[in-house]
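Participant: Final position of the sequence shown in numbering that gives the first Met the number 0 is 510; the numbers increase by one with none missing.
Virtual Cβ for every residue (Gly too), placed ideally from N, Cα, C.
Computed from a predicted model, the values in this text were never measured in an experiment.
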Amino acid sequence: MAGQVSETPQHPYAHAAASPDRIAVTLPSRGETRTYAELDHRSNQIAALLRSRGLNRRDGIAILMPNQASWFDVVWAGLRAGLYVTPINWHLTAQEAAYIVRDCEAKAVFASAQIAETVAALGDALDAVELRVSVEGDLPGFEALDDLIADLPGTPIADEREGSWMFYSSGTTGVPKGIKPGLPAPELGGPNPFLMLLTELYGFDSSTVYLSPAPLYHAAPAGWSTGTQRLGGTVVAMDRFDPEELLRLIERHQVTNVQLVPTHLIHLLKLPEEVRGRYDLSSLKMVVHAAAPCPVEVKRAAIEWLGPIVYEYYAGSEGTGFCAISPQEWLERPGSVGRSLLGGVHILDEDGNELPAGDEGQVWFESVHRFDYHGDPEKTRNAFNDKGWSTIGDIGRLDEDGYLFLTDRASNMIISGGVNIYPREAEDVLVVHPLVEDVAVIGTPDEVMGEQVTAFVQLRDPSVASETLAAELVEYTRDRLTHFKCPREVRFVDALPRLPNGKLLKRNLTA
0 MAGQVSETPQ
10 HPYAHAAASP
20 DRIAVTLPSR
30 GETRTYAELD
40 HRSNQIAALL
50 RSRGLNRRDG
60 IAILMPNQAS
70 WFDVVWAGLR
80 AGLYVTPINW
90 HLTAQEAAYI
100 VRDCEAKAVF
110 ASAQIAETVA
120 ALGDALDAVE
130 LRVSVEGDLP
140 GFEALDDLIA
150 DLPGTPIADE
160 REGSWMFYSS
170 GTTGVPKGIK
180 PGLPAPELGG
190 PNPFLMLLTE
200 LYGFDSSTVY
210 LSPAPLYHAA
220 PAGWSTGTQR
230 LGGTVVAMDR
240 FDPEELLRLI
250 ERHQVTNVQL
260 VPTHLIHLLK
270 LPEEVRGRYD
280 LSSLKMVVHA
290 AAPCPVEVKR
300 AAIEWLGPIV
310 YEYYAGSEGT
320 GFCAISPQEW
330 LERPGSVGRS
340 LLGGVHILDE
350 DGNELPAGDE
360 GQVWFESVHR
370 FDYHGDPEKT
380 RNAFNDKGWS
390 TIGDIGRLDE
400 DGYLFLTDRA
410 SNMIISGGVN
420 IYPREAEDVL
430 VVHPLVEDVA
440 VIGTPDEVMG
450 EQVTAFVQLR
460 DPSVASETLA
470 AELVEYTRDR
480 LTHFKCPREV
490 RFVDALPRLP
500 NGKLLKRNLT
510 A
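1. Round the Cβ separation of residue 50 and residue 156 to the nearest angstrom and send it over; I've been treating them as touching at under 8 Å.
2. Buried or exposed: which applies to residue 251, given that a residue is buried once 16 or more other Cβ atoms fall within 10 Å of its Cβ?
3. With contact counted as at least three CB pairs below 8 Å, one residue from each stretch, are the stretch 389-408 and the stretch 427-441 in contact?
4. In or out: residue 162 buried (at least 16 other Cβ within 10 Å) or exposed?
5. Using a 10 Å radius around the Cβ and a threshold of 16 neighbouring Cβ atoms, would you call residue 94 buried or exposed?
6. Looking at the structure shown, is residue 494 part of a helix, part of a strand, or coil, going by DSSP?
7. Flag this pair as yes or no: are the beta carbons of residue 66 and residue 219 separated by less than 8 Å?
8. How many angstroms separate the CA atom of residue 52 from the CA atom of residue 130?
9. Residue 414: buried (16+ other C-beta within 10 angstroms of its C-beta) or exposed?
10. Distance check for residue 87 and residue 99, CA to CA, integer angstroms please.
11. Taking 6 Å as the limit between beta carbons, can you name the residues of its chain near residue 245, skipping five residues before and five after?
12. Give the secondary structure of residue 325 by DSSP, where H, G and I count as helix, E and B as strand, and everything else as coil.
13. Evaluate the contact criterion for the stretch 268-286 versus the stretch 346-361: three or more CB pairs, one atom per stretch, below 8 Å.
14. Using only the alpha-carbon positions, how far apart do residue 459 and residue 194 sit?
15. Identify every run of the beta strand (DSSP E) within the stretch 177-245, keeping only runs that are complete inside it and at least 3 residues long; order them along the chain.
16. For residue 168 versus residue 316, is the C-beta distance shorter than 8 Å?
17. Alpha carbons only, please: which of 60, 204, 124 and 139 is nearest the one belonging to residue 164?
18. Whole alpha helix (DSSP H) runs in the stretch 303-387 with 4 or more residues, listed along the chain?
19. What distance in whole Å lies between the Cβ atoms of residue 429 and residue 476, which are believed to be in contact at a cut-off of 8 Å?
20. Rounded to the nearest angstrom, what separates residue 203 and residue 134 at their Cα positions?
21. Counting only runs that start and end within the stretch 19-98, where is the beta strand (DSSP E) found for 3 or more residues in a row?
22. Could you tell me the boundaries of the alpha helix (DSSP H) in which residue 432 lies?
23. Are there 16 or more other CB atoms within 10 angstroms of the CB of residue 352, so buried, or fewer, so exposed?
24. Would DSSP call residue 255 helix, strand or coil?
25. Identify the continuous beta strand (DSSP E) that holds residue 487 and give its terminal residues.
26. Would you be able to state if there are at least three C-beta pairs under 8 Å between the stretch 336-343 and the stretch 142-154?
27. On the DSSP letters alone, give me the boundaries of the beta strand (DSSP E) that residue 450 sits inside.
28. Can you tell me which residues form a DSSP beta bridge with residue 395?
29. Please say whether residue 389 and residue 364 have beta carbons closer to each other than 8 Å?
30. Would you kindly check if the distance between the Cβ of residue 45 and the Cβ of residue 76 is under 8 Å?
31. I'd like the list of long-range same chain contacts for residue 416, defined as Cβ closer than 6 Å, with 5 residues on each side in sequence excluded.
32. Quick one, which of 503, 273, 445 and 425 has its alpha-carbon nearest residue 484's?
33. Let me check understanding here. Comparing Cα to Cα, which of 26, 118 and 277 lies closest to residue 138?
34. Alpha carbon to alpha carbon, what distance is there between residue 342 and residue 208?
35. Could you tell me the alpha carbon to alpha carbon distance between residue 304 and residue 188, rounded to whole angstroms?
36. Starting from the Cα of residue 461, find the closest Cα among 435, 472 and 473 and give me that residue.
Structure below.
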C-alpha cells in the first residue's frame, strides 16, 4: 500500500512553497488550524529567536505544552535549527518534570500558560534555563512568545540544519532516561528511514489525513504527526482520547490513517454496536496499533469490525529495531508482531547465547544506529551487547519464518514457587471479560511461594464489585489458562495508573 513517491524535500517548508494553504494540523476541540504557510512562517520566526539567544546546533529545548497548534511551531523551529527537542509529559508530578528539565540540560523551555500550576511547581529546575518562553498567556518569569517573535523574520535562518528528538523513556520501570540519537545529515528534508516505512508500509503521502488521539509528548504521536507533515499530509490531533469522539472525527475529517494503542481498541470495541455503526468510517485506509501487546481476541474483533486494515508494529522509543505485520499476515500467525524491517532480530538467553526458533528469551536487535541514554553511560553500555546489538528488555520468541511473538517485559516477570510467570497471559484473558474495563496483573509477596499472582481490576461498573465476582474472575481465568498462571487474588480498583499513551505504571500499584 505504498504512497505516492515525491521528489519534493520531506519537510514542511517545501509544502509551504508548493501548497501554502493546505492544512498542516487541525485541533478540533480547540478550533485551531495551521496551514503549511503559517507553520513555516512561525517556525522560522522561532528559529530566529533561538539563534538570537545563542542556541546553536546540538543544544536542546524542552516543551511543556498540551496538544495545541503552537506545539508544532516550536517543534519545527527546534528541528530546523539543528537542536535536540524534548517534549515533556506535563501529566508527570512536579518532581518528575523538574528532573527532566534539569537532566536534558535545555537552554530554552517553552511552556503553555494553560498548565501554569505545573510550570510554577518546577521551582529551581528552571534556574539554569537561559530562555523561558510562555505560549498563549503569561507565566511568571517567562517571556511571551508572540512578543518575542513579533518583529522577527518569517524566512529561514542562514544556517538551517536538521535537529532531532530527545525523548525520555516513560519511566515504567524506574527514573526516565533521555534517549539521545546522533543528529541526522544536516540538509533539511533529506532521506529518512522512518519516512520510508510510512510511505512503503502504510501508504502515507500528501493526501494522508492522520488522526492522533494521544498526547504529543510521547514518541509515537510526535514522530508520526511530524512525519505526516514532512510528507505534506494533514494531522488531526485530539486533546484526549474519547472513543465515540474518535469515530466522529474520522467521519468529519475523512481520516485515512489512525494510530492507536490496544487500550484504545478495547474501549472502541466496548462501545455499543449501535454507536459504532452510527459513523461512516469508509475513508479509513489503515489503522495501526503499537506501544503494548494486543490481546489476540481484541485484535481479531477489530479486524472483523474494521476489515483487513488493522496493522501492527513493534518498536521502542530508542529506535533500534522495527517489526511490522499486516492484517493478512497476522490472521495466519495470530499474536505475532511481525518480522524485523530495521536490523536483524535475535532471541538470547540470560548468558547471551542465541536460542533456536520456538524458545523464549530476551529480544535483541542488530542496531541500525547507536544512541545514548543522556548522562547515563552505564545504562547505555548495558543496552548493547558485545556484538553491538541492543535490547529494550522484552521477552519473546521467533517462529521458523522469523516472525516475532512477544511474551512480556522481563521486568514484569513473577516468580512464584520457583516458576517464571508472565502476567500478560492473565491480563489478555481478563480484559475481554464483559464486566472488566481494565486490568493489571503483578506479583505480590507470599511467605510460602515468594510471590503470588494478583490481579488489579477496574470494572466498567464499580458498583458490581464483590467477593463473589472476584472469585468468578479467578475461575474465568482458570477455565482458559494453566492454573499456576492464574490470579490467586483479585483486587478491585477505581482506576489503574496508565499514562495517556496506554502504558501501565505497574510500579505504582500497591503490593
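Facilitator: The answer reads as follows:
1. The residue labelled residue 50 in the question sits at position 51 within the sequence shown. The residue labelled residue 156 in the question sits at position 157 within the sequence shown. With a Cβ gap of about 5 Å, residue 50 and residue 156 count as contacting.
2. As a first step, residue 251 must be located in the sequence shown, where it is residue number 252. When all chains shown are included, residue 251 counts as exposed.
3. no
4. Within the sequence shown, numbered from 1, the residue matching residue 162 stands at position 163. It counts as buried.
5. In the sequence shown, residue 94 corresponds to position 95, counting from 1. By the neighbour-count rule (16 or more Cβ atoms within 10 Å), residue 94 is not buried but exposed.
6. Reading the sequence shown from its first residue, position 495 is the one you call residue 494. In the structure shown, residue 494 sits in coil (DSSP, three-state: anything other than H, G, I, E or B).
7. Here residue 66 corresponds to residue number 67 of the sequence shown, with the count starting at 1. Here residue 219 corresponds to residue number 220 of the sequence shown, with the count starting at 1. Going by C-beta atoms, residue 66 is not nearer than 8 Å to residue 219.
8. Along the sequence shown, one-based indexing puts residue 52 at 53. Along the sequence shown, one-based indexing puts residue 130 at 131. One C-alpha to the other measures close to 7 Å.
9. Here residue 414 refers to the residue found at position 415 when the sequence shown is read from its first residue. By the Cβ-count criterion, residue 414 is exposed, with fewer than 16 other Cβ atoms from all chains shown falling within 10 Å of its own Cβ.
10. To locate residue 99, count along the sequence shown from 1; it is residue 100. To locate residue 87, count along the sequence shown from 1; it is residue 88. Taking the straight line from one Cα to the other gives about 7 Å.
11. On the sequence shown, residue 245 is found 246 positions in, with the first residue counted as 1. 212.
12. For the purposes of this step, residue 325 is taken as the residue at position 326 of the sequence shown. Residue 325: coil per DSSP, three-state reduction.
13. no
14. Walking along the sequence shown from the start, residue 459 turns up at place 460. Walking along the sequence shown from the start, residue 194 turns up at place 195. Going by the C-alpha atoms only, they are around 39 Å apart.
15. Assignment of beta strand (DSSP E) within the stretch 177-245, counting only whole runs of 3 or more residues, yields 177-180, 208-211 and 233-236 in chain order.
16. The count along the sequence shown starts at 1 and reaches residue 168 at position 169. The count along the sequence shown starts at 1 and reaches residue 316 at position 317. In this structure, residue 316 lies closer than 8 Å to residue 168 by Cβ.
17. The sequence position of residue 164 within the sequence shown is 165, counting from 1. Comparing Cα positions, the closest option is 60.
18. If we require 4 residues or more, the alpha helix (DSSP H) runs fully inside the stretch 303-387 come out as 326-331 and 376-381.
19. Within the sequence shown, numbered from 1, the residue matching residue 476 stands at position 477. Within the sequence shown, numbered from 1, the residue matching residue 429 stands at position 430. In this structure residue 476 touches residue 429 by the C-beta definition: roughly 6 Å separates them, less than 8 Å.
20. Residue 203 sits at position 204 when you count from the first residue of the sequence shown. Residue 134 sits at position 135 when you count from the first residue of the sequence shown. Whole-angstrom Cα-Cα distance: 31 Å.
21. Listed in chain order, they are 22-26, 31-34, 59-63 and 83-86.
22. On the sequence shown, residue 432 is found 433 positions in, with the first residue counted as 1. Note, residue 432: premise wrong, no alpha helix (DSSP H); not H, not E.
23. As a first step, residue 352 must be located in the sequence shown, where it is residue number 353. Flag for residue 352 reads exposed.
24. For the purposes of this step, residue 255 is identified with residue 256 of the sequence shown, where counting begins at 1. If DSSP states are grouped into helix, strand and coil, residue 255 belongs with coil.
25. Mapped onto the sequence shown, residue 487 falls at position 488. Here residue 487 belongs to no beta strand (DSSP E), and DSSP marks it neither H nor E.
26. With a cut-off of 8 Å, the stretch 336-343 and the stretch 142-154 do not count as touching, because too few Cβ pairs lie within range.
27. Taking the sequence shown and counting its residues from 1, the one referred to as residue 450 is at position 451. 449-458 is the span of the beta strand (DSSP E), which, as asked, contains residue 450.
28. Residue numbering aside, residue 395 sits at position 396 when the sequence shown is read from its first letter. Residue 395 is bridged to 360 and 405.
29. Translated into the one-based positions of the sequence shown, residue 364 becomes position 365. Translated into the one-based positions of the sequence shown, residue 389 becomes position 390. Cβ distance < 8 Å, so residue 364 and residue 389 count as in contact.
30. Here residue 76 refers to the residue found at position 77 when the sequence shown is read from its first residue. Here residue 45 refers to the residue found at position 46 when the sequence shown is read from its first residue. Yes, the pair counts as a contact, with Cβ atoms nearer than the cut-off.
31. As a working note, residue 416 is residue 417 in the sequence shown. Closer than 6 Å at Cβ, skipping near neighbours: 448.
32. Your numbering for residue 484 matches position 485 in the sequence shown. Out of 503, 273, 445 and 425, 425 has the C-alpha closest to the C-alpha of residue 484.
33. Numbered from 1 along the sequence shown, position 139 holds the residue referred to as residue 138. The residue with the shortest Cα to Cα distance from residue 138 is 118.
34. Translated into positions along the sequence shown, residue 208 becomes position 209. Translated into positions along the sequence shown, residue 342 becomes position 343. The straight-line gap from Cα to Cα measures roughly 30 Å.
35. Numbered from its first residue, the sequence shown carries residue 304 at position 305. Numbered from its first residue, the sequence shown carries residue 188 at position 189. For residue 304 and residue 188, the distance between alpha carbons rounds to 38 Å.
36. Within the sequence shown, numbered from 1, the residue matching residue 461 stands at position 462. For the residues 435, 472 and 473, the minimum Cα distance to residue 461 belongs to 435.
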